[in-house]
Amino acid sequence: MMRLSYPQSFHVMAKPAGSACNLRCEYCFFLDKKSLYPGSKFRMGDDVHREYIRQLLDAHQTTRVTVAWQGGEPTLMGLDFYRRSLELQERYRKPSTVIENTFQTNGILLNDEWCSFFRKNNFLVGLSIDGPQRLHDRYRRDARGNGSFDRVLKAARLLQKHGVEFNILSTVNRKNMDRPLEVYRFFRDVLGARYIQFIPIVEREDADAIRTGGRIAGRSVSSTHWGSFLNSIFDEWVRSDVGATFVLNFDAVLAGWLGHAGTVCIFGPTCGLGVALEHNGDLYSCDHFVDTNHLLGNILTTPMIELVSSEKQRRFGRDKADTIPRQCRECRYLFICNGECPKNRLIETAEGEAGLNYLCEGYRAFFSHTEKPMKAMAGLMRMGRPASDVMRLTTGKKPFVHKSFPGVGRNDPCPCGARDAAGKRMKFKKCHGGER
Ligand code: SF4
Ligand code: SF4
């Protein structure tokens, strides 16, 4: 039966080892969460594990369900925990349900056994690495202060040896923010990565007071660097790598131009459908809001679907739109950006209104710099052509000439769907048929 007041699907980021980790990355916002559970061993028990899987599969009204493992460091649970998880998933799966396990790791404990398990069970693995050794080891160190690069590189090679497709998760921080091409080429050419995601580090000096004042931590990326970092990589990617290397940050913006904004939660108009599950069954509003104010309840005592659908969580979700400042509401890129993640809304607008995103300047530079090629890719896709055809338009001295769109007349509406200030479809010659 259809349950109308409940969402059809939602995303749970499960932290079976809580915030426990075998590294001490200097920018990690999650290590401090230990203080929420004094004395805990930070290991998810079988009772919580069983309830988590059972409730997740029961609550979903969609055929595809993602079981997402994160941390802290989820490998600290040991492989048997995930073997048990597959048993539970099989036991509680509806006949038509297709389950996908995702697994975010720092790679330190990966070995042949782990990688063969991932391969056999189709886990989608995310590997955290910040670029070549010099850049990676600046912040990603162990408790003894030793860099972790060699061990992560070994993990990447092991994943490749076993044929496990993995996604690179790279933070952009003060150390690597002015090395975009060095970082990107390292992932593409040295690691052979096909899937990459960049995460901006934005932190207050006092992590607990992230929204209530305090200085931005020195390891954070600056807003302008965030924009120029993405722009530099985009310029290389759009000329040679579209369709071969997938950069989630670019895909998410392209989705916006295609009218599907919010394929990643940071660009969605509201929040609320991505909760975080702690090792003891506590459910929080979001991975970035694991604190006492955002504790929804415990899944051992209240069904997860009720917590996700609770008024408290709905309000949390609506707040993203309700508190967006006027500068965003009037921004020409609102339909892509939606003011980005509330955790980064740390500054004031020029008019003194609170709640502007710290990364706004960088995002605006990125959206504006990539607007024309993004629209071209969206136009190509609407015409049934691959987005990678954009690479033909971006080589040479005069990109975007109309010859690249055979069959489209100079006075025809531009295939990208762009409209002018009066809302009329733009002519091809005034849009992508003209020179950039
Ligand atoms: S708070 Fe940020 S990370 Fe959390 S759901 Fe909202 S946009 Fe996503
Ligand atoms: S680019 Fe800046 S002003 Fe525009 S929606 Fe995003 S955060 Fe708001």
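All letters in the sequence shown, in the order written, are residues 13 to 448 by this note's numbering.
Note that beta-carbon positions come from the ideal geometry of N, C-alpha and C, so glycine has one too.
Bear in mind that the values here come from a model prediction, so they are computed numbers and not experimental data.
Query, Result
"Lys410, DSSP secondary structure in three states", "Because Lys410 sits at a pLDDT of 48, beneath the cut-off of 50, its placement in the model cannot be relied upon, and the point is left open."
"Any non-hydrogen atom of ligand 1 closer than 7 angstroms to Asp7 Cβ", "With the chain represented from 13 up to 448, any question about residue 7 goes unanswered, as that position is not in the structure."
"Sheet register partners of Glu360 (DSSP bridge)", "Ala366"
"C-beta atoms of Gln73 and Gln20 nearer than 8 angstroms", "yes"
"Cβ-Cβ distance between Arg138 and Asn179 below 8 angstroms", "Rather than Arg, the amino acid found at residue 138 in this sequence is Gly. Cβ atoms of Gly138 and Asn179: closer than 8 angstroms."
"When Val302, Arg186, Leu295 and Phe328 are compared against Leu312, the one with the closest alpha-carbon", "Leu295"
"Range covered by the beta strand (DSSP E) that runs through Glu215", "Run containing Glu215: none; DSSP gives neither H nor E here."
"Candidates Ser31, Gln67 and Ser17: closest to Asn310 by CA position", "Gln67"
"The stretch 366–374 contacting the stretch 228–243, beta-carbon criterion three pairs below 8 angstroms", "yes"
"Closest Cα partner of Trp249 within the set Ser297, Arg231 and Ser400", "Ser400"
"Buried or exposed by the 16-neighbour rule on C-beta atoms within 10 Å, applied to Met395", "exposed"
"Leu285 and Ser244 closer than 8 angstroms at C-beta", "no"
"Cβ-Cβ separation, Phe246 to Thr382 (assumed contact under 8 angstroms), whole Å", "5 angstroms"
"Per-residue burial, His272 [other beta carbons within 10 Å of its own, 16 or more giving buried]", "exposed"
"His174 - containing alpha helix (DSSP H), residue span", "Taken as a continuous stretch (DSSP letters only), His174 belongs to no alpha helix (DSSP H), as it is neither H nor E."
"Distance CB(Cys127)-CB(Gly83) smaller than 8 angstroms", "no"
"Contact test: Lys355 Cβ vs ligand 1 heavy atom, cutoff 7 angstroms", "yes"
"Any 3 or more C-beta pairs closer than 8 angstroms across the stretch 80–98 and the stretch 332–347", "no"
"Same chain only: Cβ atoms within 6 angstroms of Arg163, ignoring 5 sequence neighbours per side", "Ile120"
"C-beta atoms of Phe161 and Asp149 nearer than 8 angstroms", "yes"
"Span of the alpha helix (DSSP H) around Met316", "Met316 to Val320"
"Own chain, CB closer than 6 angstroms to Phe199, minus 5 neighbours either side, in chain order", "Ile180, Ala205 and Ile208"
"Buried or exposed (CB count within 10 angstroms, at least 16 for buried), Glu112", "exposed"
"Cβ-heavy atom distance, Cys283 to ligand 1, below 7 angstroms", "yes"
"Inter-residue spacing [alpha-carbon to alpha-carbon] between Arg437 and Tyr196", "37 angstroms"
"Where Thr114 sits in the DSSP three-state scheme", "strand"
"Secondary structure of Val60, DSSP reduced to three states", "helix"
"Arg327 in three-state terms, based on DSSP", "helix"
"Beta-carbon gap between Met316 and Ala71 smaller than 8 angstroms", "yes"
"Gly286 Cβ short of 7 angstroms to ligand 1 heavy atom set", "yes"
"Check: Cys277 C-beta below 7 angstroms from any heavy atom of ligand 2", "no"
"Straight-line gap, Gly274 to Asp190 (C-alpha atoms, nearest Å)", "28 angstroms"
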